[in-house]
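Report on the structure given below.
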Amino acid sequence: MEQPDPIIHQPIRLKIMAALKPLPASDPIEFVRLKAMVGTTEGNLGAHITTLEEAGYVAVQKDFVAKRPRTRVSLTKNGRRAFEDYLDYLRAIIGTNEPAA
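Written out as C-alpha coordinates, the structure is:
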(Lines of atoms letter the chains of each structure in order from A and count residues from 1; the text may use other names and numbers.)
(Lines give C-alpha, C1' and ligand atoms only; values in the text may rest on other atoms or scores of the structure.)
Protein backbone atom coordinates (compact mmCIF):
# COMPACT_ATOMS: atom_id res chain seq x y z
CA MET A 1 0.00 0.00 0.00
CA GLU A 2 1.57 3.24 -1.14
CA GLN A 3 -1.07 5.51 0.39
CA PRO A 4 -3.27 5.05 3.43
CA ASP A 5 -6.82 3.90 2.79
CA PRO A 6 -8.67 7.25 2.46
CA ILE A 7 -11.83 5.77 3.96
CA ILE A 8 -10.08 4.66 7.16
CA HIS A 9 -7.58 7.53 7.29
CA GLN A 10 -10.20 10.10 8.31
CA PRO A 11 -9.81 10.56 12.12
CA ILE A 12 -13.37 9.71 13.21
CA ARG A 13 -13.53 6.65 10.95
CA LEU A 14 -10.12 5.54 12.22
CA LYS A 15 -11.46 5.76 15.80
CA ILE A 16 -14.53 3.73 14.80
CA MET A 17 -12.41 1.03 13.20
CA ALA A 18 -10.03 0.92 16.18
CA ALA A 19 -12.98 0.63 18.60
CA LEU A 20 -14.52 -2.23 16.62
CA LYS A 21 -11.34 -4.21 15.88
CA PRO A 22 -10.95 -5.91 19.30
CA LEU A 23 -14.54 -7.17 19.27
CA PRO A 24 -15.43 -10.60 17.91
CA ALA A 25 -17.36 -10.43 14.63
CA SER A 26 -20.40 -11.92 16.35
CA ASP A 27 -20.39 -9.21 19.04
CA PRO A 28 -21.54 -5.85 17.60
CA ILE A 29 -21.35 -2.67 19.65
CA GLU A 30 -24.34 -0.45 20.29
CA PHE A 31 -24.38 2.94 18.58
CA VAL A 32 -24.70 4.79 21.91
CA ARG A 33 -21.60 3.11 23.34
CA LEU A 34 -19.63 3.66 20.13
CA LYS A 35 -20.63 7.34 20.20
CA ALA A 36 -19.23 7.67 23.72
CA MET A 37 -16.00 5.90 22.73
CA VAL A 38 -15.44 7.99 19.61
CA GLY A 39 -16.52 11.27 21.19
CA THR A 40 -18.63 12.73 18.42
CA THR A 41 -22.24 13.70 17.78
CA GLU A 42 -24.91 11.24 16.70
CA GLY A 43 -25.22 12.83 13.26
CA ASN A 44 -21.47 12.85 12.67
CA LEU A 45 -21.11 9.25 13.83
CA GLY A 46 -24.04 8.17 11.68
CA ALA A 47 -22.53 9.77 8.58
CA HIS A 48 -19.16 8.09 9.14
CA ILE A 49 -20.77 4.72 9.80
CA THR A 50 -22.67 5.10 6.52
CA THR A 51 -19.40 5.74 4.67
CA LEU A 52 -17.81 2.66 6.27
CA GLU A 53 -20.91 0.59 5.54
CA GLU A 54 -20.94 1.66 1.87
CA ALA A 55 -17.28 0.61 1.63
CA GLY A 56 -18.20 -2.80 3.06
CA TYR A 57 -16.09 -2.27 6.18
CA VAL A 58 -18.88 -2.38 8.77
CA ALA A 59 -22.25 -4.07 9.10
CA VAL A 60 -25.15 -2.23 10.69
CA GLN A 61 -27.95 -4.07 12.48
CA LYS A 62 -31.16 -2.31 13.45
CA ASP A 63 -33.82 -3.78 15.68
CA PHE A 64 -36.05 -2.92 18.61
CA VAL A 65 -35.68 -3.62 22.31
CA ALA A 66 -38.84 -3.00 24.32
CA LYS A 67 -40.22 -0.85 21.48
CA ARG A 68 -37.07 1.28 21.40
CA PRO A 69 -34.89 1.33 18.30
CA ARG A 70 -31.40 -0.08 18.64
CA THR A 71 -28.52 0.23 16.18
CA ARG A 72 -25.47 -1.99 16.45
CA VAL A 73 -22.28 -1.93 14.41
CA SER A 74 -19.61 -4.56 13.76
CA LEU A 75 -16.59 -4.95 11.49
CA THR A 76 -16.99 -7.12 8.43
CA LYS A 77 -14.34 -9.53 7.20
CA ASN A 78 -13.36 -6.94 4.57
CA GLY A 79 -13.24 -4.27 7.27
CA ARG A 80 -10.89 -6.33 9.42
CA ARG A 81 -8.64 -6.95 6.44
CA ALA A 82 -8.67 -3.25 5.44
CA PHE A 83 -7.84 -2.20 8.99
CA GLU A 84 -4.96 -4.69 9.18
CA ASP A 85 -3.65 -3.38 5.85
CA TYR A 86 -3.91 0.15 7.23
CA LEU A 87 -1.95 -0.86 10.34
CA ASP A 88 0.67 -2.54 8.13
CA TYR A 89 0.96 0.72 6.19
CA LEU A 90 1.57 2.64 9.45
CA ARG A 91 4.10 0.05 10.64
CA ALA A 92 6.00 0.42 7.37
CA ILE A 93 6.18 4.18 7.90
CA ILE A 94 7.71 3.80 11.35
CA GLY A 95 9.96 0.97 10.21
CA THR A 96 8.62 -1.98 12.17
CA ASN A 97 6.87 -5.10 11.02
CA GLU A 98 5.88 -6.18 14.51
CA PRO A 99 2.14 -6.21 15.17
CA ALA A 100 0.90 -4.20 18.10
CA ALA A 101 0.29 -6.17 21.29
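First residue of the sequence shown? That's 905 in the numbering used here, and the numbers climb one at a time after it. Backbone N, C-alpha and C fix where the C-beta goes; we use that ideal spot for every residue, glycine too.
- Counting only runs that start and end inside the segment 920 to 982, the alpha helix (DSSP H) elements of at least 4 residues fall at 935 to 942 and 946 to 958.
- In the three-state reduction of the DSSP assignment, residue 988 falls in the helix class.
- Looking only at 985, 951 and 998, the smallest Cα-Cα distance to residue 939 is reached by 951.
- Distance from residue 925 to residue 979 at the Cβ level is roughly 6 Å; contact confirmed, criterion being Cβ atoms closer than 8 Å.
- Pairing residue 962 with residue 983 gives a Cβ-Cβ distance under 8 Å.
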